[in-house]
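Scroll down for the structure; my scribbles are underneath it.
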Amino acid sequence: MSDDASILFYEGINLIFDKWTVLRLAVTNNWGGPSSEEKKKKLIEYVHSYVLSASSPKHKLCDYLRDEMNTLFNVDIEDDSDIEVSDLILDLYSNLKKNNLDIIEQIKQIKESDLTHCKENNLVEEAYDSEEAESGSDFSDEEQSGSDYSHEDHSDGEKPNGQ
């Protein structure tokens, strides 16, 4: 790949990452800490080097992306967007090797998701809230034992032997 194509490839990866919702959320919400923006730049460099390296298996890019997102941003990708992103990066690479620059325009046309509709899931907080809800009750043990339910007939309608 020529130097010019390599620069375009780097810029293309940046464009793709700017549109990737999971990464945008990770950077916007500082899931990688206060240096999340720097980590994004590192990820671009890592992916750029990974794909350009002759020894890197291209078909493993998705796994590589998933691992790096977990390492850098503590993100466990569950929506399989890493597959789409890696396919797009490899498509970009393939097209630029053939000197087909139309791919850059196609990437620019990809719509970004509106992050205002994305809700951050705080699993630690949710787990705490659900434990609290399970341990608390609207009724005391005394109220429950005196309920009408405890005095109802819960048999299946058959009478015991001898009745």
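Read in the working numbering, the sequence shown has 289 at position 157, and its numbers run on one by one without any break.
Every residue, glycine too, gets a C-beta built ideally from N, C-alpha and C.
query: Where Asp136 falls, given that 16 or more other Cβ within 10 Å makes a residue buried; result: exposed
query: Where the alpha helix (DSSP H) through Val207 begins and ends; result: Run containing Val207: none; DSSP gives neither H nor E here.
query: Option in Ser245, Phe141, Lys172, Lys243 with minimal Cα separation from Phe205; result: Lys172
query: Cβ-based neighbour list, Ile239, same chain, cut-off 8 Å, excluding 5 preceding and 5 following; result: Gly144, Leu147, Ile148, Lys151, Leu220, Leu224
query: Between the CA atoms of Thr153 and Glu244 - distance to the nearest angstrom; result: 7 Å
query: Own chain, CB closer than 6 Å to Ser269, minus 5 neighbours either side, in chain order; result: Note that Ser269 scores 48 on pLDDT, short of 50, meaning its location in the model is unreliable; the coordinates nonetheless yield the value given after this. Answer for Ser269: no residue qualifies.
query: Start-to-end residues for the alpha helix (DSSP H) that takes in Lys243; result: Run containing Lys243: none; DSSP gives neither H nor E here.
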